[in-house]
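Colleague: Dumping the structure here so I can ask a few things about it.
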Amino acid sequence: MKIKLQENEVSIVKLGDSKENNGVYTRTVTFEMNGRQFDREILLTPNGTGADYGDFDNFYAMNKETVDASLTEYFSENHSYLNQPNP
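Under our numbering, the first residue of the sequence shown carries the number 39, and numbering increases by one thereafter.
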């Protein structure tokens, strides 16, 4: 699944397992941009069903805000803008 954010095109490659720590749920997600893969720990939005979404589209739809925030942080940390590789 491709995500377009801040003129960058990023693909979700893999969804890891959900983890719980003191009532906070996270999930490691592998993304790819410009042929380079990277992992981000995504804070999960409570979905009220307990479903552990395995479908990329459903996962992104349910957690769009936290996924976008994590990717924006990644772009900032790595100076990745406009689909340009890191300098």
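All C-beta atoms, glycine included, are put in the ideal place defined by N, C-alpha and C.
Count Cβ pairs between the segment 107-119 and the segment 90-98 that sit closer than 8 Å; are there 3 or more?
Modeller: In short, these stretches do not touch, since the Cβ pair count stays below three.
Colleague: Taking the beta carbon of M39 as the centre, do at least 16 other beta carbons fall within 10 Å, making it buried, or is it exposed?
Modeller: The residue given as residue 39 occupies position 1 in the sequence shown. By the 10 Å Cβ count, M39 comes out exposed.
Colleague: Work out the CA separation of T68 and D55 for me, nearest whole Å.
Modeller: Within the sequence shown, residue 55 is the residue found at index 17, counting from 1. Within the sequence shown, residue 68 is the residue found at index 30, counting from 1. Cα to Cα, D55 sits roughly 11 Å from T68.
Colleague: Could you please give the first and the last residue of the uninterrupted beta strand (DSSP E) stretch that includes D55?
Modeller: As a position in the sequence shown, residue 55 is number 17, starting the count at 1. Taken as a continuous stretch (DSSP letters only), the beta strand (DSSP E) holding D55 covers 46-59.
Colleague: Could you check which residue in T110, N46, F97, L109 has the C-alpha nearest to that of L82?
Modeller: For the purposes of this step, residue 82 is taken as the residue at position 44 of the sequence shown. Among T110, N46, F97, L109, the Cα nearest to that of L82 belongs to F97.
Colleague: Is it the case that the Cβ atoms of L203 and L53 are separated by a distance below 8 Å?
Modeller: Here the chain covers residues 39 to 125 and nothing more, so residue 203 does not appear.
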